[in-house]
Every structure is written in C-alpha cells, then in structure tokens.
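Reading the sequence shown from the start, the letters are residues 1174 to 1465 in the numbering used here.
Quick reminder that beta carbons are idealized off the backbone N, C-alpha and C, glycines included.
Right, one structure below, let's go through it.
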Amino acid sequence: MRTVAGSNDKSRIQTDIGQDVIDAAVRSVERRMDEEDEVTVIEVGASGPSAPVEADASPSPADTASPPPAAEAPPSDDVAALRQEVESLKAQLEFSQAKGRETMERLREAHERAKEAQERTVRHAADLENYRKRAQKEKEEVQRFGAERLLKDLLPVMDNLDRALDAAAKSPDLESFEKGVAMTRKSFEDARGRHGVKGFSAKGQPFDPRIHEAIQQVETADVPAGHVSYEVVRGFYLNERLVRPAMVVVARAPAEPPAAAEPPAAAEPATPSDTEAPAAPAQSENSSGGSQ
C-alpha cells in the first residue's frame, strides 16, 4: 500500500515540482523499502522451519522495483457524468457549427441581395439620367418647332391676303374685295379653332375682372350699370385657359338731373312797421306810372 501511495504521490507531485525533486523522492522511497526488506530477511533467519515460507511470502526487491499497479478507476457515477458532459459539449459544438453555417449562408444571401440591389440602383440611375436627357431634348425641340403645325395652318391665310391685295390693286371693285377679305378671315377663324383658340364676346355681359379688363367707364342707359357697354378688343381662350382678356368699356348709371327749385317758404308774419315801410315805394311807383 505504501508503494501505491508513493506512486500516487509521485503522479500528483509531477504537476507541481521539478523532475530532480521527484527523482530524489523516488530514490528515498526505494532506500526505505530496501531497509525494510533487510529487516524482514533477518527475522526470517531467526525463526524456525517455517521461516522460509515467511521469507517467500515477503515481497522481494525485484517485486518492489516492479512498476506500480494502475490507479484505481473512478466511480461509475463520475464516468457517467463525464460522458454526459462530453455529449453535452459535443451537442453544443454541433449546434454552434450548424448555427455558424446557417449564419454564413444568410450572410452570403444578404451579400448577394445587396449586390443585386446595388446593380439595380445603378441601372435605374442610368435610366433616369437617360430619360432626363431625352426629356430635355424633347422640350427644346418643342420650344423650337412647337408652332410648326400652327404655322402650316396660317400660311394659307397669308396667301389669301396676298391674293386679295393683288385683286384690289387690279380692280377697284370694293364689293369683291370685301368678300375676299371676309373669306380670308373665315379661313383664319377655322385655323385657330383647330388649335383650340376660341374667342368670346363680352358686350352686354356683366363685368368680370377675371376675363375682362376695363379701360373706361361711361354713363349710359343702354345697358345696366356694371355691364359691358362696348368691347374694344375681344378676348380669347386656348384650351379653356385665358390667353387674352377682353378690353371693355363699362357702363355707369347716369347722374340724376338736378331737382327743381323748391318754392320759397312762407314768410313770417311781419310787424305793422315792416309792412308799411316797403308799401310806400310801391305806391309811388304805381302813381308815377299812372301819371305817365
């Protein structure tokens, strides 16, 4: 038992002290075991015939020098606990590895989605820039050539006016000239109507500052006060938007004639002295007139 204890102590000491100290301790133990063996042999020699049996039963130095027996196995409960802990750690390791693989897969997918989103953003930005350039170019073209259709419709009107002027120079027929100008004006009305330009008449209508522009007020009884008495310039709409307001003259109620002079108020009754004083000259005048 001492040898086993010595071997256990040796295995524990190795983790704390140096190898030279361990070797010294082992040699000391071996010397003590040798001394005990010698004492046992001496006792066997002094005994009777049964001494060799005791000598054979005692351990020999060779047996003492033999390697110590293996350490006792830990209890089964500790083994089961260790196995359970190992299995738990293994399960945790596998779970961590699975979570790590899942996380890496998610990161890879997120990276792919972010990359695709960035590529889409770049493409959309390029498309938007191209659209902006096309819109700017179309806007410039509309500003430069937007009146092309209107011009094509107005050119025949100009041709008709030139023909009317040529006809008036060659022939003094005023009636034919007037008829040609009227036809030219009709063609102009048709051309502007095709482009959404519509005129409106304001004469006799109530004055509306949204579509009328008053340039004068006149007193007249032909139309009610606050109505358009005369239209100087017609107004026009372009596709329901006011292009030019009508310039008009607005009627105002005529001023009332001055009232007739009221008869003088009855004079207050005069005193006798006042009545007699002016009566004398009147009588003198009558008398003088009568004498004449």
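Asked	Found
Anticipated Cβ contact below 8 angstroms, A1387 with V1416, distance rounded	A1387 to V1416, Cβ: 19 angstroms. No contact.
Beta carbon of V1406 nearer than 9 angstroms to that of A1364	no
A1337 Cβ short of 8 angstroms to the ligand FAD heavy atom set	Ligands in the displayed structure: none, and consequently the ligand FAD is not present.
Contact under 9 angstroms by Cβ, L1328 with V1354	no
Residues sharing a beta bridge with L1411, DSSP	V1370, R1414
Close beta carbons around F1373, own chain, < 6 angstroms, minus the five adjacent residues each side	G1408
Classification of F1268 by the beta-carbon crowding that lies within 10 angstroms, buried from 16 upward	exposed
Where V1396 sits in the DSSP three-state scheme	coil
Endpoints, the alpha helix (DSSP H) within which A1308 is located	1249 to 1318
For E1404, the three-state DSSP class (helix, strand or coil)	strand
In DSSP terms, what L1391 is bridged to	For the record, residue 1391 in the displayed sequence is Val; it is not Leu. BP columns for V1391 point to A1424.
Per-residue burial, T1444 [other beta carbons within 10 Å of its own, 16 or more giving buried]	Confidence in T1444 is poor, its pLDDT being 49 and thus under 50, which makes the residue's placement unreliable; the coordinate value appears in the next sentence. T1444 is exposed by the Cβ-count criterion.
For E1386, the residue or residues it bridges with in DSSP	M1420
One or two residues paired with P1379 in a DSSP bridge	H1400
Cβ neighbour criterion (16 or more within 10 Å) applied to A1197	exposed
Limits of the alpha helix (DSSP H) - the one that D1346 falls within	Per DSSP, D1346 belongs to no alpha helix (DSSP H) and is neither H nor E.
Beta-carbon contacts of T1357 that lie in its chain and below 7 angstroms, excluding the five residues immediately before and after	V1330, N1333, L1334, A1337
Buried or exposed by the 16-neighbour rule on C-beta atoms within 10 Å, applied to A1254	exposed
Pairwise C-alpha distance: D1250 and V1259	14 angstroms
Within 9 angstroms, strictly: CB atoms of E1392 and R1425	yes
Local conformation of E1203 per DSSP, three classes	helix
Distance between L1262 and K1199 (C-alpha atoms, nearest Å)	Note on identity: in this sequence residue 1199 is Val, with Lys being the wrong assignment. Those two C-alpha atoms are separated by around 39 angstroms.
Contacts around V1423, its chain only, beta-carbon distance under 6 angstroms, and the 5 residues preceding and following it disregarded	F1380, A1387, Q1390
Nearest-angstrom Cβ-Cβ length linking K1376 and V1401, presumed shorter than 8 angstroms	5 angstroms
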